[in-house]
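**Student:** Sharing a structure with you now.
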Amino acid sequence: MNMYDIIYKKRTGNRLNREEIYYFVEGYTKGQIPDYQASALLMTFFLHPLTDGEIVDLTTAMCQSGDTVDLSPIEGIKVDKHSTGGVGDKTTLIALPVAAACGVPVAKMSGRGLGFTGGTIDKLESIPGMKTTLAEEEFLAQVNRLGLSIIGQTTNIAPADKKIYALRDVTATVDNLGLIASSVMSKKLAAGADAIVLDVKCGNGAFMKSAEDARALGKIMRTVGRTAGKNMVVLITDMNQPLGNAVGNSLEVIEVIETLKNKGPADIRLLSLTLAGTMICLGGLAETPEDGFRKAEEALESGRALEKMTAFLTAQGGDAGVIQDYGKFPQAKERRAVLAADTGFITAINTEAVGSASQRAGAGRETKDDPIDLSAGLLLQAKIGDRVTKGQPIAEIFGNDTAKLENAAEIYSAALRIENTLPICPPLILDVL
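Reading the sequence shown from the start, the letters are residues 12 to 444 in the working numbering.
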């Protein structure tokens, strides 16, 4: 078996078998296959899309290229939740405490932000003292004791995915449904949960621009998960404007806390409760997602979810005093108001540009090793459907560099379209698969 024959076979429209896919993944991960051959094979996947069987084999091979997490010492049905990424998406930090407060054991491994999307671990690290690295025994014990732990991904989870993704990033082979599905699911399967809720975003602030593409991706990932024996539910949700009003690490955590206090924005509350309700159903603690939603809503409104969040922060060394005193978060020295350029209704928001504005203010990274300003970000004061008057404040940008804030303000201002006609606001949850 050799790479030339594998490339030729796929280039001519034939299906690769399991042994050939494993040969590629193992050889490339170990450095035995050069970049030029690996990139040639990746390009054939655009010429002849991967079949469901090939995607399953590729996902499994990448999952098995490194460590896998054994969650069997944790009692109950372990449920994971994953989002494909979006601007202002802080639902993990709301849905997980809610689900855990209802008895679902949640052992979550999350990543950092890159580009215009944020990362859960960065958000958590805006809380003074918060530890996002735990020994495996400590991680498992905390979930058994408390029902919830969130830590960063270990360095050896799906190393094949890290190497293949880096190559895809420089060879124009990122936007391929089969490769995206295998990348996401290889890490999810390695994380060891029994059931997975996927939130697949679509719109101008997501990797999938259309609902059709998001559904196609969701169906592929559902097939991969079910083939691996996982119970799967996929939500297709809108990302044509930011979720909630806060974009940026500490600002988003404050909005999380406000939501857990029953004071958060309606959109972030709805999606978080829907995700939590689905997790509760998959965890066997509700007969239907609708019943799960009602249980999640009760946990939120009763304060039990906030209590769970407090216990979680304390268990991992975080200063739970931030829940009552937001002054304990990193504080930005500078702020800049963005004023409406015209009078009318906000009819569209370029969500990716909003994420870029937050990134330019200091809240995001361009490369994985870039430092970030945990105090930086934006607070939106108007969204799609709102009527604004010229000169009215529509957002506030926070950071510690005046020039960066000016640049971020220009980007944000250009991201909005203001017109005279009241727009039809799209639904937040488009489909459930």
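Backbone N, C-alpha and C fix where the C-beta goes; we use that ideal spot for every residue, glycine too.
Hey, which unbroken runs of the alpha helix (DSSP H) at 4 residues or more fall wholly within the region 244-295?
**Tutor:** Unbroken alpha helix (DSSP H) stretches of 4 residues or longer found wholly inside the region 244-295: 260-271, 277-293, given in chain order.
**Student:** Whole angstroms are fine: how far does the CA of I422 sit from the CA of K272?
**Tutor:** 32 Å
**Student:** Determine the contact status of L52 and R179, defining contact as a CB-CB distance below 8 Å.
**Tutor:** no
**Student:** Hey, would you say M320 sits closer than 8 Å to P108, going by beta carbons?
**Tutor:** yes
**Student:** Considering only residues of the same chain and omitting the five flanking positions on each side of G64, which have a CB-CB separation below 8 Å?
**Tutor:** R26
**Student:** Kindly indicate which three-state DSSP category T143 falls into: helix, strand or coil?
**Tutor:** coil
**Student:** Does the region 396-407 come into contact with the region 128-141, if we say contact requires no fewer than three beta-carbon pairs (one atom in each stretch) closer than 8 Å?
**Tutor:** Between the region 396-407 and the region 128-141, the count of Cβ pairs shorter than 8 Å is below three; the stretches do not touch.
**Student:** So, under 8 Å CB-CB, L82 and G236 are touching, yes? Tell me the CB distance rounded to an integer number of Å.
**Tutor:** At roughly 15 Å, the Cβ-Cβ gap does not stay under 8 Å, so L82 and G236 are not in contact.
**Student:** Note down, in chain order, each residue of its chain lying with its Cβ closer than 7 Å to the Cβ of I66, except the 5 sequence neighbours on either side.
**Tutor:** G189, A192, S193, I231, V235
**Student:** Return the CA-CA distance between E309 and G163, expressed in angstroms with no decimal places.
**Tutor:** 29 Å
**Student:** Please name the residue in L416, F356, G329 whose C-alpha comes closest to that of T144.
**Tutor:** G329
**Student:** Taking the Cβ atom as the reference point for each residue, do K174 and Y39 lie within a distance shorter than 8 Å?
**Tutor:** yes
**Student:** Which runs of the beta strand (DSSP E), 3 residues or longer, sit entirely within the region 156-217?
**Tutor:** For the beta strand (DSSP E) assignment, the uninterrupted runs of no fewer than 3 residues enclosed by the region 156-217 are, from N- to C-terminal side, 159-163, 206-213.
**Student:** Could you check where the alpha helix (DSSP H) with I32 kicks off and where it finishes?
**Tutor:** 29-40
**Student:** Under DSSP, the alpha helix (DSSP H) around E363 begins and ends at which residues?
**Tutor:** E363 -> alpha helix (DSSP H) spans 362-369.
**Student:** Does the Cβ-Cβ distance between I268 and L441 come in under 8 Å?
**Tutor:** Not closer than 8 Å, so no.
**Student:** Ignore the nearest five residues each way along the sequence and tell me which others in L368's own chain have a CB closer than 6 Å to its CB.
**Tutor:** Just to set this straight, residue 368 is Ala in the shown sequence, not Leu. Taken in chain order, the residues that qualify are A419, I422, Y423.
**Student:** From R346, I168, K89, pick the residue whose C-alpha is nearest to that of M196; which is it?
**Tutor:** I168
**Student:** Inspect the CB distances between the region 346-356 and the region 208-222 and report whether three or more fall short of 8 Å.
**Tutor:** no
**Student:** Are G259 and P276 closer than 8 Å when you measure CB to CB?
**Tutor:** no
**Student:** Following the continuous beta strand (DSSP E) through R346, name the residue where it begins and the one where it ends.
**Tutor:** First-last of the beta strand (DSSP E) with R346: 345-350.
**Student:** Mark D186 as exposed unless 16 or more other C-beta atoms lie within 10 angstroms of its C-beta, in which case mark it buried.
**Tutor:** exposed
**Student:** What does the alpha-carbon distance come out to for the pair P300 and D91?
**Tutor:** 15 Å
**Student:** With a threshold of 16 other CB atoms inside 10 Å of the CB of R156, please say whether the residue is buried or exposed.
**Tutor:** exposed
**Student:** So, at 6 Å on beta carbons, what are the nonlocal neighbours of D100 in its own chain, with the 5 sequence-adjacent residues on each side left out?
**Tutor:** S94, L254
**Student:** Can you give me the C-alpha to C-alpha distance between T285 and D278, rounded to a whole angstrom?
**Tutor:** Computed Cα separation, rounded: 11 Å.
**Student:** Ends of the alpha helix (DSSP H) at V109?
**Tutor:** 103-112
**Student:** Residues in its own chain within less than 6 Å of R123 by CB, not counting five upstream and five downstream?
**Tutor:** Excluding positions up to five away in sequence, the list reads G130, I132, D133.
**Student:** Please go through the same chain and pick out, in chain order, the residues whose beta-carbon is closer than 7 Å to the beta-carbon of A461, but skip the five residues on each side of it.
**Tutor:** With the chain covering 12 to 444 only, the question about residue 461 has no answer from this structure.
**Student:** Measuring CB to CB, does S261 end up less than 8 Å from P341?
**Tutor:** Judged by their CB atoms, S261 and P341 are nearer to each other than the 8 Å cut-off.
**Student:** Along the chain, where does the beta strand (DSSP E) that runs through R428 open and close?
**Tutor:** 427-430
**Student:** Can you tell me the Cβ-Cβ gap for V264 and L104, rounded? I've got them flagged as a contact below 8 Å.
**Tutor:** 7 Å
**Student:** What do you reckon, are the CB atoms on G373 and G410 nearer than 8 Å?
**Tutor:** Closer than 8 Å, so yes.
**Student:** Below 7 Å CB to CB, which residues in the same chain sit around P322 once its five sequence neighbours on both sides are set aside?
**Tutor:** For the sequence presented, residue 322 should be read as Ala rather than Pro. Around A322: L157.
**Student:** Note down, in chain order, each residue of its chain lying with its Cβ closer than 7 Å to the Cβ of G140, except the 5 sequence neighbours on either side.
**Tutor:** Excluding five sequence positions before and after G140, the CB atoms of its chain that fall closer than 7 Å to its own CB belong to G328, G329, D330, given in chain order.
**Student:** Go to K92, then tell me how far its beta strand (DSSP E) extends in each direction, as first and last residue.
**Tutor:** In this chain, the beta strand (DSSP E) harbouring K92 covers 90-94.
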